[in-house]
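*Asks:* Numbering (our numbering) for the sequence shown: 372 to 871.
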Amino acid sequence: MAEKHLNFIGGEWVEPATGEYFENRNPADQTDLIGLWPRSGKEDVERAVQSAKRGFEEWRRRPAPERGEIMRRVGDLMTARKDELSRVMTREMGKVLKETGGDVQEGIDTAYFAATEGRRLYGKTVPSELRDKWAMTYRRPIGVCGLITPFNFPLAIPTWKGFPALLSGNSIILKPAEDTPHTATLLVEILLEAGIPAEVVQLVHGLGAEVGSAIVEHPDVPVISFTGSTATGSIIGETCGRMHKRLSLEMGGKNAQIVMADADMDLAIDGVLWGAFGTTGQRCTATSRLLLQDEIHDEFLEKLVERARALRLGNGLEDGVDVGPLIHQRALDKNTAYVEIAKQEGARVLTGGKRATGGKLDNGYFFEPTILADVKPGSRLALEEVFGPVLSVIRFKDLDEAFRINNEVQYGLSSSLYTRDTRNAFRAMTELDTGITYINAPTIGAEAHLPFGGVKMTGNGHREGGWEVYEFYTETKVVYVDYSGRLQRAQIDNYDASPY
Ligand code: ADP
Numbered sequence: 372m373a374e375k376h377l378n379f380i381g382g383e384w385v386e387p388a389t390g391e392y393f394e395n396r397n398p399a400d401q402t403d404l405i406g407l408w409p410r411s412g413k414e415d416v417e418r419a420v421q422s423a424k425r426g427f428e429e430w431r432r433r434p435a436p437e438r439g440e441i442m443r444r445v446g447d448l449m450t451a452r453k454d455e456l457s458r459v460m461t462r463e464m465g466k467v468l469k470e471t472g473g474d475v476q477e478g479i480d481t482a483y484f485a486a487t488e489g490r491r492l493y494g495k496t497v498p499s500e501l502r503d504k505w506a507m508t509y510r511r512p513i514g515v516c517g518l519i520t521p522f523n524f525p526l527a528i529p530t531w532k533g534f535p536a537l538l539s540g541n542s543i544i545l546k547p548a549e550d551t552p553h554t555a556t557l558l559v560e561i562l563l564e565a566g567i568p569a570e571v572v573q574l575v576h577g578l579g580a581e582v583g584s585a586i587v588e589h590p591d592v593p594v595i596s597f598t599g600s601t602a603t604g605s606i607i608g609e610t611c612g613r614m615h616k617r618l619s620l621e622m623g624g625k626n627a628q629i630v631m632a633d634a635d636m637d638l639a640i641d642g643v644l645w646g647a648f649g650t651t652g653q654r655c656t657a658t659s660r661l662l663l664q665d666e667i668h669d670e671f672l673e674k675l676v677e678r679a680r681a682l683r684l685g686n687g688l689e690d691g692v693d694v695g696p697l698i699h700q701r702a703l704d705k706n707t708a709y710v711e712i713a714k715q716e717g718a719r720v721l722t723g724g725k726r727a728t729g730g731k732l733d734n735g736y737f738f739e740p741t742i743l744a745d746v747k748p749g750s751r752l753a754l755e756e757v758f759g760p761v762l763s764v765i766r767f768k769d770l771d772e773a774f775r776i777n778n779e780v781q782y783g784l785s786s787s788l789y790t791r792d793t794r795n796a797f798r799a800m801t802e803l804d805t806g807i808t809y810i811n812a813p814t815i816g817a818e819a820h821l822p823f824g825g826v827k828m829t830g831n832g833h834r835e836g837g838w839e840v841y842e843f844y845t846e847t848k849v850v851y852v853d854y855s856g857r858l859q860r861a862q863i864d865n866y867d868a869s870p871y
């Protein structure tokens, strides 16, 4: 019988009020049942919110440097358990160990950044327009934050949201993806071991439409941070708009790597292989379009296809594996369907295009790394997010055309330009309409201390990571202190005659 895992609500590990559980299986091997996790309901969310409100009252009064000390211990504990966390993550969502190690490292870096932010959280002191009066700002926490996270970065994304939220003095309710409950469970264990007061953190497992929506709709959760599909983000956005909640959305992408004829071709090939097939293409920053300049188009593709065919698929826990499985059957169906659409649209399948089978692969959701040539700008494969190892190749004549093709999608997360010409690089930095642009590097690879996020339908104007995320999790309070001992009227008295 598989082990039953618990929610963390009200300061203790508890069973769900529903009494129901769901299975967590290894996507590389469906015969491997990892365990059972709570399929929680509204009642569990209600208890979590009430507890988090109590936690907030205690936590918000702690000095921020003290909260930072706890975040430093969180970083230390994650460092000590890096190997274990990586293995748990690979087993439940499939990406290879070196990538899950990177996922943990991102969490560690985020923890240490938060630790030092405890000694900053800067406000401003500015001159008042009146005499004997001070004007200043400081950042205060908001309350209970609902964090809804996806499967592809099961540790990093909860840390991107949770650590700045906590450091700022908020309490959190985490609803991890139902595909990756184990990693989230270990993260909460670590937070508690590091010294976060029990009611400051709540972990409620379950399905998006049940637990996720109950958190979003709860009137006592004023902040929601969501990473996932644009479709789900739009639903959440409607609710939050109606309820006047603060909302951060991080959603889809259709990111392009543009390669100019003057680029270092081998470097660009390494980049696109990593960008398109790393994490089995299941990153919001994954390279899903490759824009090649006419002169190099054929030679580049010939070399790229050879390299893509050499990628080894398998269980990410095993040595020598380059690409793990997709997350579930639905993802497999979606990738398969998009290849069919591509064919109907006149694209050519240069390699891949179907489920990978044979031997142990039969037990998992493996899909062959796929390269589609002759994808036309404006076609579905050029515009829609596939979220898998499917790369659409588009030709272009000059840089202006490449910019146009890049910018005609509804998303705007990441972009990349390979060139040896500095002028092209600087033009790309300004013309590519995305939140992130890489020069001579793939579309993936965010660093924890820089802001992360996209424009257009990818987001809603907020950023995660770096210093900017702290603005999302805090309110600015303005304080005026008048020590003149008389009524001074702003906007009026500053032009009056001086009493001195
Ligand atoms: P993905 O395609 O990455 O699985 P989803 O948007 O479906 O993206 O899921 C991301 C997260 O959002 C998951 O934790 C999921 O459970 C949650 N979720 C899904 N639907 C809803 C919803 N209607 N309300 C709130 N959360 C949801």
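Glycine included, C-beta positions come from ideal geometry on N, C-alpha and C.
Remember, predicted model here, so these are calculated numbers, not experimental data.
May I have the straight-line CA-CA distance separating Pro-512 from Arg-425, to the nearest angstrom?
*Replies:* Their backbone Cα atoms lie some 14 Å apart in a straight line.
*Asks:* For a test of the three-state rule: what should DSSP assign to Met-507, helix, strand or coil?
*Replies:* If DSSP states are grouped into helix, strand and coil, Met-507 belongs with the strands.
*Asks:* Considering Gly-612, what are the terminal residues of the beta strand (DSSP E) in which it resides?
*Replies:* That residue, Gly-612, is in no beta strand (DSSP E); its alpha helix (DSSP H) goes 601-614.
*Asks:* Do Glu-463 and Asn-397 have their C-beta atoms closer together than 8 Å?
*Replies:* Yes, the pair counts as a contact, with Cβ atoms nearer than the cut-off.
*Asks:* Within the present structure, is the beta-carbon of Ile-519 separated from the nearest heavy atom of the ligand ADP by less than 7 Å?
*Replies:* Checking the Cβ of Ile-519 against the ligand ADP gives yes.
*Asks:* Under the criterion of a Cβ to heavy atom distance below 7 Å, does Thr-554 qualify as lining the ligand ADP?
*Replies:* Because no heavy atom of the ligand ADP lies under 7 Å away, the Cβ of Thr-554 does not count as near it: no.
*Asks:* Taking the alpha carbon of His-699 as the point to measure from, which residue in Leu-456, Glu-549 and Thr-450 has its own alpha carbon closest?
*Replies:* Looking at the Cα atoms, Glu-549 is the closest of the given residues.
*Asks:* For Glu-846, write down the residues that DSSP places opposite it in a beta bridge.
*Replies:* DSSP, once it has assigned bridges, lists Arg-511 as partnering Glu-846.
*Asks:* When every heavy atom of the ligand ADP is checked, does at least one fall within less than 7 Å of the C-beta of Ile-528?
*Replies:* No, Cβ of Ile-528 sits at least 7 Å from all heavy atoms of the ligand ADP.
*Asks:* Express the C-alpha separation of Glu-609 and Leu-526 in angstroms, rounding to a whole number.
*Replies:* So the alpha carbons of these two residues sit roughly 27 Å apart.
*Asks:* Consider the C-beta atom of Phe-379 and the heavy atoms of the ligand ADP; say whether any pair is separated by less than 7 Å.
*Replies:* It does not: the Cβ of Phe-379 is nowhere closer than 7 Å to a heavy atom of the ligand ADP.
*Asks:* Does at least one heavy atom of the ligand ADP sit under 7 Å from the Cβ of Phe-522?
*Replies:* Phe-522 Cβ: within cutoff of the ligand ADP.
*Asks:* With distances taken from CA atoms, which of Leu-803, Val-780 and Arg-798 is nearest Ser-786?
*Replies:* Of Leu-803, Val-780 and Arg-798, the residue nearest in Cα terms is Leu-803.
*Asks:* What would DSSP say about Ala-399, mapped onto helix, strand or coil?
*Replies:* Here Ala-399 sits in coil by DSSP.
*Asks:* How is the beta strand (DSSP E) around Glu-739 delimited, first residue to last?
*Replies:* Where Glu-739 is concerned, there is no enclosing beta strand (DSSP E), given that its DSSP letter is neither H nor E.
*Asks:* Taking the Cβ atom as the reference point for each residue, do Asp-637 and Arg-791 lie within a distance shorter than 8 Å?
*Replies:* No, these two residues do not count as a Cβ contact at 8 Å.
*Asks:* In its own chain, which residues sit with a C-beta less than 7 Å from the C-beta of Leu-557, not counting the 5 before and 5 after it?
*Replies:* Within the same chain, Leu-557 has close Cβ partners Leu-456 and Val-459.
*Asks:* Note the first and the last residue of the continuous alpha helix (DSSP H) segment covering Phe-427.
*Replies:* It spans 413-430 - the alpha helix (DSSP H) in which Phe-427 sits, taken as one unbroken run.
*Asks:* Would Gly-563 and Ala-569 be called neighbours here (beta carbons separated by less than 8 Å)?
*Replies:* Here residue 563 turns out to be Leu, not Gly, going by the sequence shown. Contact: yes.
*Asks:* Using the Cα positions of Ala-624 and Ala-485, report the straight-line distance between them to the nearest angstrom.
*Replies:* Ala is not the amino acid found at residue 624; the sequence shown has Gly there. Their Cα atoms are separated by approximately 27 Å.
*Asks:* Less than 8 Å between the CB atoms is what I'm expecting for Val-575 and Ser-411, so what's the real figure, rounded?
*Replies:* 5 Å between Cβ atoms; contact.
*Asks:* Any contact between the region 540-554 and the region 439-446? By contact I mean 3 or more CB pairs, one from each, below 8 Å.
*Replies:* Verdict: no, contact absent.
*Asks:* On a Cα-Cα basis, can you pick out the residue from Ala-435, Ala-419, Arg-431 and Glu-374 that is closest to Trp-408?
*Replies:* Of the listed residues, the one whose Cα sits closest to Trp-408 is Glu-374.
*Asks:* Below 7 Å, is the gap between the Cβ of Leu-697 and the nearest heavy atom of the ligand ADP?
*Replies:* No - the ligand ADP has no heavy atom lying nearer than 7 Å to the Cβ of Leu-697.
*Asks:* Taking the alpha-carbon positions, what's the Leu-468 to Thr-814 distance?
*Replies:* Rounded to whole angstroms, Leu-468 to Thr-814 spans 21 Å at the Cα level.
*Asks:* Give the straight-line distance between the Cα atoms of Asn-877 and Ser-855, rounded to the nearest whole angstrom.
*Replies:* The structure shown does not extend to residue 877, since the chain is modelled only from 372 to 871, so the question has no answer here.
*Asks:* Taking the alpha-carbon positions, what's the Gln-401 to Glu-711 distance?
*Replies:* Each residue's Cα considered, the two are about 26 Å apart.
*Asks:* Give me the DSSP bridge partner(s) of Asn-378.
*Replies:* Looking at the DSSP assignment, Asn-378 forms a beta bridge with Val-385.
*Asks:* In whole angstroms, give me the CA-to-CA distance for Thr-656 and Phe-597.
*Replies:* Going from the Cα of Thr-656 to the Cα of Phe-597 covers about 16 Å.
*Asks:* Tell me whether Glu-818 is buried or exposed, calling it buried when 16 or more other Cβ atoms sit within 10 Å of its Cβ.
*Replies:* Exposed, since its Cβ has fewer than 16 Cβ neighbours within 10 Å.
*Asks:* Comparing the CB of Ile-441 with every heavy atom of the ligand ADP, is any distance shorter than 7 Å?
*Replies:* For the ligand ADP, not one heavy atom lies less than 7 Å from the Cβ of Ile-441.
*Asks:* For Glu-842 and Leu-661, what's the separation of their Cα atoms in angstroms?
*Replies:* Spanning the two alpha carbons is a distance of roughly 35 Å.
*Asks:* My output table needs one value for Ile-667: the three-state DSSP class, helix, strand or coil.
*Replies:* Helix, per DSSP.
*Asks:* Whole angstroms is fine: what's the gap from Pro-552's alpha carbon to Pro-748's?
*Replies:* Rounded to the nearest angstrom, the two C-alpha atoms are 39 Å apart.
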